[in-house]
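Undergrad: Please find one structure pasted underneath; my questions will follow.
Written out as structure tokens, the structure reads:
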């Protein structure tokens with residue numbers, strides 16, 4: 037019983053880590069600080085504000101870090117990264133990708149010469 041309990045805690049912790057990693061990727065993709073005093077005063081949350089804009093390539097460009105756009109980051113690659121962010125930030129933790137899946141997507145992005153950092 038203790039092993040099952042520890043396994044459940046580990047799974048829960050990993051899903052929280054994946055969400056947090058999604059927030060980090062969101063900061064890289066947008067170039068925005070996750071916590072911003074001005075947004076906090078307006079009671080705006082970066083994740084809630086940005087998620088709808090990641091749904092398609094056109095709106096994603098609105099929030100994409102201009103430095104990524106100037107560094108020849110291919111739009112399809114940036115959109116793949118945006119989809120990964122959405123998966124990591126999914127409200128249902130069961131829907132989060134595993135770290136192995138995240139690594140596979142990031143490797144594909146790298147091999148397609150996507151300059152995300």
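In the numbering used here, the protein residues as written are 37 to 153. Glycine included, C-beta positions come from ideal geometry on N, C-alpha and C. On a predicted model such as this, the values are computed, not experimentally measured, just so you know.
What residues in its chain sit with their C-beta under 6 Å from that of residue 139, if we drop five residues either side in the sequence?
TA: Looking up residue 139 in the chain shown gives position 103. None.
Undergrad: Give every residue of the same chain whose Cβ lies closer than 6 Å to the Cβ of residue 59, excluding the five residues on either side of it in the sequence, and list them in chain order.
TA: Numbered from 1 along the chain shown, position 23 holds the residue referred to as residue 59. These residues qualify, in order along the chain: 70.
Undergrad: Confirm, please, whether the CB-CB distance from residue 141 to residue 65 is below 8 Å.
TA: Here residue 65 refers to the residue found at position 29 when the chain shown is read from its first residue. Here residue 141 refers to the residue found at position 105 when the chain shown is read from its first residue. Their beta carbons are not under 8 Å apart, which means residue 65 does not touch residue 141 by this criterion.
Undergrad: May I have a chain-ordered list of the alpha helix (DSSP H) segments no shorter than 4 residues that lie completely inside the segment 107-144?
TA: Segments of the alpha helix (DSSP H) lying fully in the segment 107-144: 111-124.
Undergrad: To which residues of the same chain is residue 86 closer than 6 Å at the C-beta, ignoring the five residues directly before and after it?
TA: If you number the chain shown from 1, residue 86 lands on position 50. Closer than 6 Å at the Cβ level, and outside the excluded window around residue 86, lie 99.
Undergrad: Let me confirm a value: residue 132 is counted as buried when at least 16 other C-beta atoms fall within 10 Å, else exposed. Which label applies?
TA: Position 96 of the chain shown, counting from 1, holds the residue named residue 132. Buried: at least 16 other Cβ atoms inside 10 Å.
Undergrad: Under 6 Å Cβ to Cβ from residue 63, same chain only, skipping five residues before and after it: list those, please.
TA: Here residue 63 is taken as the residue at index 27 of the chain shown, counted from 1. Taken in chain order, the residues that qualify are 70.
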